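From first to last, the protein sequence lines are chains G and B.
Quick note: the first sequence uses my numbering, first residue 1, plus one each step.
Quick note: the second sequence uses my numbering, first residue 1, plus one each step.
This report concerns only the one structure given below.
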Amino acid sequence: MLTQILILLPLALSLITLLLKKERTIRYFVLAGTLVEFGIAVAAFIQYKTMCHCQLQVTAGWISSLGISLKFGMDGIGLLLVLLTTFLLPIIVLSSFSHSYNRPAAFYSLVLFMEMALVGVFTAFDGMMFYIFWEMALLPAYFISAVWGGKDRIRITFKFFIYTFTGSLFMLVALIYLYFRTPLPHAFDFQSLYAVTLTPAEQSWIFLAFFVAFAIKIPIFPFHTWQPDTYAQTPASGTMLLAGIMLKMGLFGMIRWMIPICPHAVQQWGPAAMTLAVTGVVYGSLIAIMQKDMKRLVAYSSIAHVGLIAAGVFALTIHAMQGAVIQMISHGINIVGLFIVIDLIEKRTKTRNIADLGGIALKAPRLAVFFMIMLLGSIALPLTNGFIGEFLLLLGIFERYMAFSAIAGLTIILSAVYMLRMYQRTMLGTTNEITEQVTDLTWTEMAPLIPLVIMVFWIGLFPGLFLDTTLPDVLTIMSYIR
Amino acid sequence: MTTIISLIILGILVLFLGILKKQSWLLPVILTGLIAAMALTVMDWNSVRSFNNGMLIVDHVSVAFSVVLIFSAFLIFSLAAQYYRGVQRPLDDIYGVMIFALVGAVMMTSYGNLIMLFLGIETLSIALYVLAGSHKEAITSNEATLKYFLLGSFLSGFLLFGIALIYGSTGSFDLHQISLYVASCSGIYPTMFLAGLFLLIIGLAFKIAIVPFHFWAPDVYEGTPTLLTAFMATVVKTASIVAMFRFFTLTFNGIHGVWETTIWILAAVTILLGNLTGVYQPNLKRMLAYSSISHSGYMMLAVVAFSPMSNNALLFYTLSYSIATIMAFGILILVREAHGNDFFTSMNGMAKTNPLEAFCLTVAMLSLAGIPPLAGFMAKYYLFTTALEKGLVWLVIIAIAGSAISVAYYFRPIIAMYLREPNGIPLKVEMPYKIHLVFMTLLVILIGLVPVFLVGIL
């Protein structure tokens, strides 16, 4: 029951939003709606915890002659990602209050539509449903970046669309191919797809098809070229949706669909995929060091961080998988926090150029504190959420591939380099004429940051709740490997 | 049979209304008549019968596709009021000829005899030659009709020659007799029969606009009055592809073989070339021409797969393709009316000046590109499933690559409408036309969300 509501509520809200006229009404309506959605997700979490392994599954027929059913539900991993999505949405909406978008009804309607698609992706128990929601998430993302984006938006967002759309078409072929290999009557639901036995050659092809689709979305080096430009051109809220939640779709798809469906190919191609992921870690970090624009710096740092998560997925150890899931959540929280802070700085100074800034901490101590906390989470300082995830990831990778773990471990050092340098050059030092007029945060501006900070420390200090939730599912998925 | 009779009566009625100078009655009568013809067709659903010694065979397939054809014609006629607004000359001849063309199309979906196929194609084609040139003052329209007529009549010769060769080797025009002959050949066919088969494929491929027999399509589409281009791109294409598939199902009866490689190659080339060339078109009408070429390539997938699911997949595909294409032409009519041309630049900023129309065109484009959850996606998905079931992995991969390329041009109007600054001329749209556009948009969305009504009925 809760699962349907979680999917249908944002859709209904999205349609209602289109009918509203005044910007103020729209904002508070959308904020209230996303908060209610979060409340439902929390209720689902409590229900899941108290009556374990019910998975809140709902099934309804759709096109039975083609084996497609409306089958939704949540295992621990999906549930945490739904929680992340519904938790971040009100924060993203709240942070968007400091901007005034043209045609707010259309903007917020697209944001809510995107929430619906994201929840659908994380709860789909049917392969075709997964694909349909996967593609549906792309449309609002495209329109948000393209319509409300920066000046070079047309070319860049188009590249983004073509890239991701092409990738996911490969996944479609793989899914239909698998469908015909399921026992009669053919079906798309995940148990049937998991049960398919494939020859090694077939597994490799299916693996490659899935890998391309997911690698573009995540993005794993060398499929990342759409990402920094798109982040730079997209409006702040769009970037948060893309970086905070949408790229988790790819990682989730790997854990949920790719590994159980073609376990042997994952093992066979694992080192190759691992090489790409670890290359991305080093490459993203090195380029981030060179960046002059704060948003681009965070975009490249994101390539490094998700590269590490992807490496953890391919390590195929329990620790790494646990770390990957927890780090998906942490990365979502940290990167949204960083983008909010950067957006607030940009709003005050009209620039994202690191060289133009300096001494903001003197003028805006609260801003500096929040920036520091999000940044420390991001560079995985102990007691913050990033530490838990990256520690588990590196531990898990080490258990299987010692060398990769050593190289991937560079991410912690390198991220400290670029993040702290950014902090030092923008926040510390003396003020200049641009930062002279900076004012400190107001309560409305702090409102979205406070819950993020709480989560940074909650996951950092007491990760047990989250790790316990995912452990049974991680074990189930690992059981397909052996 | 009732379909054909009722449509002919409707056509004659339209001509009489013209004689009686009741121009304002034309469209209401036509639209009601088409709905009536659709109802009569649906009533034939449960009666598989053949008429005139097997010349016409009414079965589920022919009924279903006749309904698609009449429905497409209905949607096109609903656009006519706006399109011919302000035109002084009487229109009964154009409308009458369109209905007679529709009769030809219906004959092509229900023939049981090659003579009937030829009659259907000629009824359709000759009507179309007239329609393509119906805008007599415009030089482009004259050019279009001449091109279409010269090539069309030449290719009709191919078709007729093919039919003659098939007759020569089988001794019959009747599809049932031919199927007996095919069965008796057990895989080894005489050269004369094969030559006839290939000439027949070429003749039909020309009508469907399959590469390399597509060269007429962009020029003719561009010159033909837009309303009739919509007719060409939907009704004619649906009828011809159904005619081709019907020939294979009724004669080869599940026997795979010789012709499939040819169709495979034609489909692959059509998809790739249609989509790649589509990217380079400067205006919406030529782009839609190439889009329709590439979609004929996708439809060929169902023919190549040649499985029991093919008919249904084709039905789904032609219906969703037709609705989305007619929608796109509906907006095209408005753009040409306001700007006098249909370059993508003319559509700049339409989302601000005409949000509803921009949204409708966006839905049409997304559906044609095959983006879930719209009708075009379900149709493509169904088609790919049909093809993959028969193990046509490479063809499906080519089709998917084609879909990816097609996004490049389907997004050009969307980008122009939403992301560029308006150029000041809003489109003037009347209320009924808006309602019609919204109706088609809802249809595209609903078919995508609730496809159960269309899946598994054939």
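For each residue, glycine too, the CB sits at the ideal point set by N, CA and C.
As the structure is a computational prediction, the values presented were derived from the model and not from experiment.
Per DSSP, what kind of secondary structure is residue i in: helix, strand or coil?
i: residue 60 of chain G; result: strand
i: residue 58 of chain B; result: strand
i: residue 124 of chain G; result: strand
i: residue 385 of chain G; result: helix
i: residue 111 of chain B; result: strand
i: residue 71 of chain G; result: strand
i: residue 440 of chain G; result: coil
i: residue 343 of chain B; result: strand
i: residue 354 of chain B; result: coil
i: residue 353 of chain G; result: strand
i: residue 473 of chain G; result: helix
i: residue 293 of chain G; result: strand
i: residue 152 of chain G; result: coil
i: residue 90 of chain G; result: helix
i: residue 329 of chain G; result: helix
i: residue 436 of chain B; result: helix
i: residue 338 of chain B; result: helix
i: residue 420 of chain B; result: coil
Name the chain G residues whose beta carbon is nearer than 7 Å to that of residue i?
i: residue 373 of chain B; result: 132 and 136
i: residue 384 of chain B; result: 176
i: residue 396 of chain B; result: 173
i: residue 267 of chain B; result: Per Cβ cutoff of 7 Å: no residues; residue 267 of chain B is ~16 Å from chain G at best.
i: residue 451 of chain B; result: 63
By Cβ distance, which residues of its chain are closer than 7 Å to residue i, with the 5 residues on each side in sequence left out?
i: residue 347 of chain G; result: 98
i: residue 476 of chain G; result: none
i: residue 8 of chain G; result: none
i: residue 389 of chain G; result: 323, 326, 327 and 330
i: residue 153 of chain G; result: 145, 146 and 233
i: residue 473 of chain B; result: The shown model of chain B, from 1 to 458, leaves out residue 473 of chain B, and the question about it has no answer.
i: residue 20 of chain B; result: none
i: residue 278 of chain B; result: 287, 290, 291, 294, 406 and 409
i: residue 407 of chain G; result: 278 and 282
i: residue 220 of chain G; result: 276, 277, 280, 307 and 310
i: residue 386 of chain G; result: 330, 334, 377, 378, 379 and 380
Here's the rule: buried if 16 or more other CB atoms are within 10 angstroms of the residue's CB, otherwise exposed. What is residue i?
i: residue 284 of chain B; result: buried
i: residue 485 of chain G; result: In the structure displayed, chain G extends from 1 to 482; residue 485 of chain G sits before or after that span and is not available.
i: residue 191 of chain G; result: exposed
i: residue 280 of chain B; result: exposed
i: residue 207 of chain B; result: buried
i: residue 423 of chain B; result: exposed
i: residue 3 of chain G; result: buried
i: residue 82 of chain B; result: buried
i: residue 43 of chain G; result: exposed
i: residue 422 of chain G; result: buried
i: residue 347 of chain B; result: buried
i: residue 418 of chain G; result: buried
Ignore the nearest five residues each way along the sequence and tell me which others in residue i's own chain have a CB closer than 6 Å to its CB.
i: residue 216 of chain G; result: 163, 164, 167 and 223
i: residue 319 of chain B; result: 68
i: residue 304 of chain G; result: 281, 284, 285 and 411
i: residue 345 of chain G; result: none
i: residue 237 of chain G; result: 92 and 96
So which residues on chain B does residue i lean against when the C-beta distance must stay under 7 Å?
i: residue 65 of chain G; result: 455 and 456
i: residue 166 of chain G; result: 404
i: residue 169 of chain G; result: 400, 403 and 404
By the criterion of Cβ-Cβ separation under 9 Å, what are the contact partners of residue i in chain B?
i: residue 147 of chain G; result: 351, 418 and 419
i: residue 153 of chain G; result: 419
Compare the C-beta of residue i with all C-beta atoms of chain C and state if any pair is closer than 9 Å.
i: residue 113 of chain G; result: The chain labelled as chain C is not found among the protein chains of the depicted structure, namely G and B.
Spatial neighbours of residue i within its chain, please: CB distance less than 8 Å, with the 5 preceding and 5 following residues excluded, ordered by chain position.
i: residue 73 of chain G; result: 3, 55, 56, 57, 58, 123 and 125
How would you list, in chain order, the residues of chain G whose beta-carbon sits under 8 Å from the beta-carbon of residue i?
i: residue 415 of chain B; result: 146, 154 and 158
Starting from the beta carbon of residue i, find every residue of chain B whose beta carbon is closer than 8 Å, and list them in chain order.
i: residue 162 of chain G; result: 404, 407 and 408
Starting from the N-terminal side, write out each stretch of the alpha helix (DSSP H) that is 4 residues or longer and does not extend beyond the region 28-97 of chain B. 60-83
In the region 182-267 of chain G, which residue ranges form an unbroken alpha helix (DSSP H) of at least 4 residues, counting only runs that do not cross its ends? 190-195, 200-217, 227-233, 236-240 and 247-253
Please give the ranges of any alpha helix (DSSP H) in the region 243-322 of chain B, keeping only runs that are unbroken, at least 4 residues long and fully inside the region. 259-278 and 284-305
What residue ranges within the region 120-185 of chain B form continuous alpha helix (DSSP H) runs of no fewer than 4 residues, ordered along the chain? 139-170 and 175-185
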